[in-house]
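A.B. asks: Provided herewith is a single structure, encoded as structure tokens, for subsequent inquiry.
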Amino acid sequence: MTQTAPNPVVKTTTRLPKRIPLFRAAAWLGAFLLIYLAGQWLFDTGTISKSFYMAAVQICIFIIAAVSLNLITGITGQFSLGHAGFMTVGAYTAAVLTHDVHAPFPLALLAGGVMAGALGVLVGLPTLRLRGDYLAIATLGMGEIVRVIFENIPSLGGASGFTGIRKPAPLFGLGDDGFALWGWSILFTVLTLLLISQFIRSSHGRACIAIREDELAAETMGITTVRFKVLAFSVGALFAGIAGGLLAHLVRTITPANAGFLKSVEILVMVVLGGLGSLSGSTIAAAVLTIINFATSDLSTVTLPFVKETSALRTVIYALLLVLLMIFRPHGLWSGRLRLPWRRGVRDVA
Amino acid sequence: MFQQLLQQIVNGLSVGSVYALMALGYTMVYGILRLINFAHGDIYMLGAFVGFWTSSWLSRFPGLVRHPAAAIFLSVPVAMAACALLGVFIERTAYKPLRSAPRYSLLITAIGVSFLLEYLAMAFIGPERQNYHRDPWLSTNLHLATEVSISVQRLLVIVISVGLMLALHAIVQYTRIGKAMRAVSIDQEAARLMGINVDRVISFTFAVGSALAGAAGVLIGMQYQIEPLMGVMDGLKAFVAAVLGGIGLIPGAMVGAYTLGMVETLVKGVDIKLWGVQPSLFADAVAFAILILILLVKPSGLLGKSAREKV
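So the protein sequences, as listed, match chains D and W. Residue numbering for the first sequence is -5 to 344, as defined by the working numbering. Residue numbering for the second sequence is 417 to 727, as defined by the working numbering.
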């Protein structure tokens, strides 16, 4: 079949430098440090309320989730529909570790990530050998299996979920316990962005991009495609597990329903909206959509004519957005055209 | 024990028939567009609702008041027609503009359409579960052998589905448009060069597949409660059935669906404990476990032939 329409991923037109330029890395780190300090100051002085804290931490969590899904779907071109399943596995692992073993919070998070990553290898190995939509189907199935399994483990709370998750201590012991996750979530967001953008620039990352562009050609060039696909997939799953662990400790309860298809699609919408293959796009889209979610979270109290369930309208908008984007703006809402004035002419994946 | 097994097989036949009706839609669309039409399960859901409204409206007529079953069966063709129209509408508005786009923009669109239908139904129909008018005649049991019985509605489900599948077989094998469908699924470009109106064939395929899903919706609605999200799980399972039999193959969809239906009812029905857990609790996961297993062992499906990719 001839393919005339452009690939919906943001193309790499310029060669990426092997390392993130020092100046840019420092600028990003500085920006995040500022955001962290500003946030911490606002929370500690009580200027803004608890619900803003919840929103801010969730933005970080969904940035991690969206960027890691982008590594799988946008960079490597593999379609995963089970990202929420990985998050849930990480969430349960981390929650059990801090609750029952009293493991230190960062270790528990990492363990959750490793667990999700291992599951990624387990699912990825058989399915990534195949070309086509098999990964999409298998990951979708995996999410549902995760849900059913956790629903039937009584010691983890069954269908009503794992509750009473411990509050972690704040990062470096700084600040109020009530806002403990702010520092951690910023730290892990920075780590995720740094590691994934560095991964893309490494030879492994280039191999992944090559697979996305043309799998057969990549294989001909000597890339062991299965290895790199599984690698990207499990790394993405690992970060999803970390995001899940953070979410579990923020909400302090985790239910099996979180592993479902709907949650995975919410993350997919973020990636598509921001542009497949664009890390900055995913970051901004995750932030914007999380804010919109918060702003519309009490939609069910509104009554509209003919509408029986107002809260369903949010998903209607999500779905409509997805369809319209694919038809009219397959490169994402801002199509990598989000050009900062001092970076004109450079278009890259990161 | 043997009777129990036989009973579960009979039940499995009925469950498998509904899966087969839906799996056919998945497999036909995949065969032609290489698209997993995620919206298919939601067309089935809307079919169930159209059947519900039509049968409720019909049963107000004097002749049908005391025969809800008759009203339900009269609503089957209505639901099929409505679903066929909806299927073609979705194909024309959402999928057709992406005909030449890469496959995964099509896949993302399909997911979007699916959620759109589900949550529009949730918003405008309401999330409550609804019941068709119950007809006591439908739930009378017919005895087949000692301790093996089948309810009238399950028998009718099997009869109607098999009838529809035979009709589909006739269309695909013995009509002009069926021949065109087969040609397009083998090679779209070559079919176009032979003067086949590919767009029309694709629309027709969506119409037929959606009509079958609509019929499946009514047949399920007659037995169970209906709600806006009923198509998600059933649709996924039907899709697994299509993969199990060999995606893109019409006989494969039927074989896969009956296999899945049997296995699922057997797992649900067995009253034993394995390592202290009841397998029946995990019945929902069975379909997906089968899916991963088939991808491991024989990704082309039970009836599929593996083809090597040519450069």
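From the three backbone atoms N, C-alpha and C, an ideal C-beta is built for every residue, glycine too.
(1) Checking 8 Å against the spacing of the C-beta atoms, do Met638/W and Ile541/W come in under that value?
(2) For Glu138/D, count neighbouring Cβ atoms within 10 angstroms of its own Cβ and tell me buried if that reaches 16, exposed if not.
(3) Determine, using beta carbons only, whether Ala705/W comes closer than 8 Å to chain D.
(4) Would you mind working out which of Ala537/W, Leu560/W, Tyr535/W and Val568/W sits nearest Arg550/W, comparing C-alpha positions?
(5) Taking any Cβ of chain D, which residues in the segment 510 to 539 of chain W have a Cβ under 7 Å from it, in chain order?
(6) Can you list the residues of chain W that Val301/D reaches, using a CB-CB cut of under 7 Å?
(7) Between the C-alpha atoms of Gln(-3)/D and Leu113/D, what's the straight-line distance to the nearest angstrom?
(8) Have a look at Thr247/D and Arg160/D and give me their C-alpha separation to the nearest angstrom.
(9) Given a threshold of 16 other Cβ atoms within 10 Å of its Cβ, counted over all protein chains shown, does Ser43/D qualify as buried or as exposed?
(10) Using three-state DSSP, classify Phe156/D as helix, strand or coil.
(11) Identify whether Ile248/D lies in helix, strand or coil by the three-state DSSP scheme.
(12) Closer than 7 Å, Cβ to Cβ, to anything on chain D: give me those residues from the segment 459 to 470 of chain W, in chain order.
(13) Can you list, in chain order, the residues of its chain whose CB lies under 6 Å from that of Leu422/W, leaving out five sequence neighbours each side?
(14) Go through its chain and collect everything with a Cβ distance to Leu316/D's Cβ below 6 Å, but skip five positions before and after it.
(15) Where does Tyr435/W land, buried or exposed, given buried means 16+ other C-beta within 10 angstroms?
(16) Relative to the alpha-carbon of Ile448/W, which residue among Val600/W, Lys653/W and Ala631/W has its alpha-carbon at the smallest distance?
(17) What did DSSP end up calling Ala242/D once you bin it into helix, strand or coil?
(18) Using 8 Å as the limit for Cβ to Cβ distance, is Val634/W near chain D?
(19) Ile666/W and Ala464/W: beta carbons closer than 8 Å?
(20) DSSP three-state call for Trp642/W: helix, strand or coil?
(21) I'd like to check one pair, Ile574/W with Ser433/W: are the Cβ atoms closer than 8 Å?
(22) Could you tell me which residues DSSP pairs with Leu558/W in its beta bridges?
(23) Measure the C-alpha to C-alpha separation of Thr249/D and Val90/D and round it to an integer number of angstroms.
(24) Which same chain residues end up closer than 6 Å to Gly111/D when comparing Cβ atoms and leaving out the 5 residues on each side of it in sequence?
(25) At a CB-CB cut-off below 9 Å, which residues of chain W make contact with Thr121/D?
(26) Please name the residues in the segment 429 to 460 of chain W whose beta-carbon is closer than 7 Å to at least one beta-carbon of chain D, in chain order.
(27) Run through chain W and tell me which residues come within less than 9 Å of Glu213/D, C-beta to C-beta.
(28) Mapping DSSP to helix, strand and coil, what is Gln694/W?
(29) Please check if any C-beta of chain D sits within less than 8 Å of the C-beta of Leu652/W.
C.D. replies: Here's the rundown:
(1) no
(2) Taking a 10 Å sphere around the C-beta of Glu138/D, we find 16 or more other C-beta atoms and assign the residue as buried.
(3) yes
(4) Val568/W
(5) Contacts with chain D (Cβ-Cβ distance below 7 Å) from the segment 510 to 539 of chain W involve Ala510, Pro513, Leu514, Ser516, Ala517, Pro518, Tyr520, Ser521, Leu523, Ile524, Thr525, Ile527, Gly528, Val529, Phe531, Leu532, Tyr535, Leu536, Met538 and Ala539, listed in chain order.
(6) Ala539 and Phe540
(7) The pLDDT assigned to Gln(-3)/D is 42, lower than 50, so where the model puts this residue is not dependable, and the model offers no usable value.
(8) Each residue's CA atom was taken as its position, placing Thr247/D and Arg160/D some 10 Å apart.
(9) exposed
(10) strand
(11) strand
(12) none
(13) Val564
(14) Val263
(15) Counting of Cβ neighbours within 10 angstroms places Tyr435/W among the buried residues, the total reaching 16 or more.
(16) Val600/W
(17) helix
(18) no
(19) no
(20) Note that residue 642/W is Ile in the sequence shown here, rather than Trp. Ile642/W: strand per DSSP, three-state reduction.
(21) yes
(22) Ile566/W
(23) 13 Å
(24) Ser228, Ala231 and Leu232
(25) Chain W residues near Thr121/D: Ile708, Leu711, Leu712 and Pro715.
(26) Ile452
(27) The contacting residues do not exist; Glu213/D stays about 10 Å from chain W at best.
(28) Three-state result, Gln694/W: coil.
(29) Judged by the 8 Å Cβ criterion, Leu652/W is in contact with chain D.
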